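Student: In terms of our numbering, the sequence shown opens at residue 0 and continues consecutively. Every residue gets a Cβ at the ideal spot worked out from N, C-alpha and C, and that includes glycine. These figures come from a predicted structure and were not determined experimentally.
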Amino acid sequence: MIPVLPFPLSSLDLAALAVLLLAWLGSGWAIEHPPRGRMSVTLLMQGYRRDWMVEMTTRQPRIFDATILSSLRQGTTFLTSAAMISVGGVLALAGNAERLDGVVMGVGLDGPSPEIQQLRLAIVALLLVYAAFKFVWSNRLFGYCAVVMASVPNDPRNANALPRAAKAAELNVRAALNFNRGLRAVYFAFAALAWLLGPWGLMAAVAVTTWTVLSREFASTSRGVLMED
Numbered sequence: 000m001i002p003v004l005p006f007p008l009s010s011l012d013l014a015a016l017a018v019l020l021l022a023w024l025g026s027g028w029a030i031e032h033p034p035r036g037r038m039s040v041t042l043l044m045q046g047y048r049r050d051w052m053v054e055m056t057t058r059q060p061r062i063f064d065a066t067i068l069s070s071l072r073q074g075t076t077f078l079t080s081a082a083m084i085s086v087g088g089v090l091a092l093a094g095n096a097e098r099l100d101g102v103v104m105g106v107g108l109d110g111p112s113p114e115i116q117q118l119r120l121a122i123v124a125l126l127l128v129y130a131a132f133k134f135v136w137s138n139r140l141f142g143y144c145a146v147v148m149a150s151v152p153n154d155p156r157n158a159n160a161l162p163r164a165a166k167a168a169e170l171n172v173r174a175a176l177n178f179n180r181g182l183r184a185v186y187f188a189f190a191a192l193a194w195l196l197g198p199w200g201l202m203a204a205v206a207v208t209t210w211t212v213l214s215r216e217f218a219s220t221s222r223g224v225l226m227e228d
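Given below as structure tokens:
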């Protein structure tokens, strides 16, 4: 008979984990599928990306467009490296989970077992790994976009000019979408670090992070600027 091992997480910990996952996935869904009449910054920027590719067909030379795309790829490369380094740091911390007792006790809380802290850190690491994959794929898509942009004929009257520009725009949109998903995963990975202080700390951090993410998409100054047109 196989012995039944006790599950290390309490019901409150499981509830906090569920809140984290629901907030992360739910905020992403709300941003990418906003209600009618309340467009998110992400969707507003998609329109500008498509307009950019149309304008690109009439711009000679296209050095300006190449420079912008290069800067976008540099951003994905930097964040990929940062996410991978962060994963290494979290794994190193998980290997010395006993040292976290001093941090937890310093804020007046009872320190959980090292196994529970390692499990909590594993969630942080998984979110960061997810973010790294999204940044890598975003970089790849921006590369595809660059190749398609280079194939757009110089003559805007050419029959292939606008269709290929539209393809480049959709690749650009998909790259930005994956980039934003990676960013949200990083935000919630930061929130997940508060789980080291206990389930209530995680819930509080998730609430603050969700409010921050949604307010930037639906109630920020930048959104007001984009809506001025």
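Name the residue from G181, Y143, L192 and P152 whose alpha carbon lies nearest to the alpha carbon of E169.
Tutor: Y143
Student: So for Q59, helix, strand or coil by DSSP?
Tutor: coil
Student: Using the C-alpha atoms, what's the distance from F134 back to A167?
Tutor: Approximately 19 Å between the Cα atoms of the pair.
Student: Can you say whether D154 is buried or exposed, counting buried as having 16 or more other CB atoms within 10 angstroms of its CB?
Tutor: exposed
Student: Quick check: what's the CA-CA separation for L161 versus L140?
Tutor: Using only the alpha carbons, I get a separation of about 19 Å.
Student: Given G27, which residues of its chain have a CB within under 8 Å of its CB, disregarding the five upstream and five downstream residues?
Tutor: R180 and R183
Student: Between which two residues does the alpha helix (DSSP H) containing G94 stretch?
Tutor: Run containing G94: none; DSSP gives neither H nor E here.
Student: Between the alpha carbons of M226 and S219, how many angstroms are there, rounded?
Tutor: 11 Å
Student: Using a Cβ-Cβ cut-off of 7 Å (strictly less than) and excluding sequence neighbours within five positions of S150, which residues of its own chain qualify?
Tutor: R163
Student: Taking a contact to mean a Cβ-Cβ separation below 8 Å, would you say L201 touches A193 in this structure?
Tutor: yes
Student: Since I believe V86 is in contact with L127 (beta carbons under 8 Å), could you give me their beta-carbon distance rounded to a whole number of angstroms?
Tutor: 5 Å
Student: What's the C-alpha gap between P113 and S69?
Tutor: 44 Å
Student: Hey, would you say T75 sits closer than 8 Å to F217, going by beta carbons?
Tutor: no
Student: If you run the structure through DSSP and keep just helix, strand and coil, what is A218?
Tutor: coil
Student: Considering only residues of the same chain and omitting the five flanking positions on each side of R119, which have a CB-CB separation below 7 Å?
Tutor: By the criterion of a C-beta distance shorter than 7 Å, R119 is surrounded in its chain by W194 and L195, once the five residues flanking it on both sides are discounted.
Student: Among the candidates V212, A191, L213 and S214, whose CA atom is the shortest distance from the CA of L19?
Tutor: A191
Student: Measure the alpha-carbon distance for A130 versus N157 and round it to whole angstroms.
Tutor: 40 Å
Student: Output needed for A124: all residues of its chain with C-beta closer than 7 Å, excluding positions within five of it in sequence on either side, in chain order.
Tutor: The beta carbon of A124 is closer than 7 Å to those of V86, V89 and L90 in its chain, skipping five residues each way along the sequence.
Student: Can you give me the start and stop residues for the alpha helix (DSSP H) that D12 sits inside?
Tutor: S10 to E31
Student: According to DSSP, is M38 part of a helix, a strand, or is it coil?
Tutor: coil
Student: Out of curiosity, what's the CA-to-CA distance linking E31 and R61?
Tutor: 30 Å
Student: How would you call P34, buried or exposed, if buried means at least 16 neighbouring beta carbons within 10 angstroms?
Tutor: exposed
Student: Quick one: what does DSSP say G223 is sitting in, helix, strand or coil?
Tutor: helix
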